[in-house]
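Notes to accompany the following structure.
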Amino acid sequence: MREQPSGAATRLLLIEDDQRFGRALLAALNAQGFEVEWSQDGLRGLDLALGHAWGAVILDLMIPTLNGPTVLRRLREESQVPVLILTARHSLQDRVDQLDHGADDYLTKPVELPELVARLRALIRRAAGSANQSLTLGDLEIDLYQRLVHRQGQRIELTSTEFRLLEHLIRNRGRTLATAEIAKVVSGSGDLLTAATVRAHVRNLRAKLGESTVQTRRGYGYLIPDQAQ
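Have a look at this one:
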C-alpha cells in the first residue's frame, strides 16, 4: 500500500482492455495532471483497486477475467473509492443497474475529454468532503480511504489482506466472527482464505498492533472488543 503525499498528483486507476483507447486515455489524463495506472483485466484491476489509494477508479464493463459489474460489486464490499463507469453500453438499464450497485457516475464511449475530467474532479471533491472515513481503535488511527494505519503518528505497515481483516473486525466490534465468515469476507480476488491462513493473519495483526487487539473465542472465532484494551 502506498500513501499519496499531500500535494501529489491525484492517482487514478484505469481498468480498460481496449489497448488503443486505453493508451489514448492514459496520455490524455496524464496531460491533465493526473497520475494514472492502467490495468487491462478485471482481476488485476480489483487487486490494484483494493491494495492502493486512488482518487478515483475508471471502470469499463466489458473486460476479461472479471467483468466490470463483478469488479464493482466486489470493490463495494470493501471500499468507497469513487468509481466512474466508462463503457460502450448505452442502455438505460445498464446505467441504472451500475448506479444501483454502487457506481458514482456513468459515461458512455465515445467520451469528450473535458467532460470526463470534469466528472472525475467532481467525484474526487465529493469524496474528499464526504463522511468521515477514519476509525479509531485505542491509540490506532485507521484511514479507510487511504487504507493506512498509524499509531501516534507512526505508520504501521499492513498487507492488503491484513487491512481487510482489521477493517472487518473493527466494523463488527464486539461481535465474535466465525473463522469461515472471516475467510469468505476477507479473501481478495485470489484464492479463498483457509482457516489456517486466517489464523496466520490474526497472528500477524497481533504482532504488529498488539497481542490484545484481536481476541480469540475458542470454538467460535475472533473479535475486537467494544472497548480497546
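The sequence shown begins at 3 in my numbering and counts up by one. Cβ atoms here follow ideal geometry from the backbone N, Cα and C, with glycine treated the same way.
What's the C-alpha gap between L225 and N206?
Mapped onto the sequence shown, residue 225 falls at position 223. Mapped onto the sequence shown, residue 206 falls at position 204. Counting only the Cα atoms, N206 lies some 15 Å from L225.
Taking 7 Å as the limit between beta carbons, can you name the residues of its chain near D62, skipping five residues before and five after?
Taking the first residue of the sequence shown as 1, we reach residue 62 at position 60. Excluding its 5 nearest sequence neighbours in each direction, D62 has C-beta neighbours in its own chain below 7 Å: I17, E18, D19, G70, L88, T89, listed in chain order.
For D106, which residues from the same chain have a beta carbon less than 6 Å from its beta carbon, with the 5 sequence-adjacent residues on both sides left out?
Here residue 106 corresponds to residue number 104 of the sequence shown, with the count starting at 1. Scanning its chain for C-beta atoms nearer than 6 Å, with the 5 sequence neighbours on each side dropped, one finds around D106 the residues P84, V85, L125, in chain order.
What separation, rounded to the nearest whole angstrom, lies between the Cα atoms of L171 and V200?
The residue you call residue 171 lines up with position 169 of the sequence shown. The residue you call residue 200 lines up with position 198 of the sequence shown. Going by the C-alpha atoms only, they are around 12 Å apart.
Beta carbon of L45, beta carbon of T72: below 7 Å?
Working through the sequence shown from its first residue, we reach residue 45 at position 43. Working through the sequence shown from its first residue, we reach residue 72 at position 70. Going by C-beta atoms, L45 is not nearer than 7 Å to T72.
State the Cα-Cα distance for the pair V151 and E159, rounded to the nearest angstrom.
To locate residue 151, count along the sequence shown from 1; it is residue 149. To locate residue 159, count along the sequence shown from 1; it is residue 157. Straight across, the Cα-Cα distance linking V151 with E159 is about 7 Å.
Cβ-based neighbour list, R220, same chain, cut-off 6 Å, excluding 5 preceding and 5 following
Translated into positions along the sequence shown, residue 220 becomes position 218. Nothing listed; no residue qualifies.
Grab the span of the alpha helix (DSSP H) containing A51 for me, first residue to last.
As a first step, residue 51 must be located in the sequence shown, where it is residue number 49. First-last of the alpha helix (DSSP H) with A51: 44–53.
Below 7 Å between beta carbons: does that hold for A197 and T181?
Counting from 1 along the sequence shown, the entry for residue 197 is found at position 195. Counting from 1 along the sequence shown, the entry for residue 181 is found at position 179. T181 sits close to A197, with the two beta carbons spaced by under 7 Å.
Locate the beta strand (DSSP E) running through H103, then write down its first and last residues.
As a first step, residue 103 is located in the sequence shown; it is residue number 101 there, counting from the start. Following the DSSP letters along the chain, one finds H103 in no beta strand (DSSP E), marked with neither H nor E.
Taking the runs of the beta strand (DSSP E) that are 3 residues or longer, which of them lie wholly in the region 133–162?
Runs found: 136–139, 142–145, 150–153, 156–158.
Label S41 either buried or exposed according to how many other C-beta atoms from any shown protein chain fall within 10 Å of its C-beta, with 16 as the threshold for buried.
Within the sequence shown, the letter at position 39 stands for residue 41. Only buried fits S41, as 16 or more other CB atoms lie within 10 angstroms of its CB.
Just the C-alpha distance for P112 and V119, rounded to the nearest angstrom, thanks.
As a working mapping, residue 112 is identified with position 110 in the sequence shown. As a working mapping, residue 119 is identified with position 117 in the sequence shown. For P112 and V119, the gap between their C-alpha atoms comes out near 14 Å.
Using 10 angstroms around the beta-carbon of A51, count the other beta-carbons present and answer buried if the total reaches 16, otherwise exposed.
Taking the sequence shown and counting its residues from 1, the one referred to as residue 51 is at position 49. Buried is the label assigned to A51, since at least 16 other Cβ atoms lie within 10 Å of its Cβ.
Nearest-angstrom Cα distance between L31 and A55?
For the purposes of this step, residue 31 is identified with residue 29 of the sequence shown, where counting begins at 1. For the purposes of this step, residue 55 is identified with residue 53 of the sequence shown, where counting begins at 1. Rounded to the nearest whole angstrom, the CA to CA distance from L31 to A55 is 18 Å.
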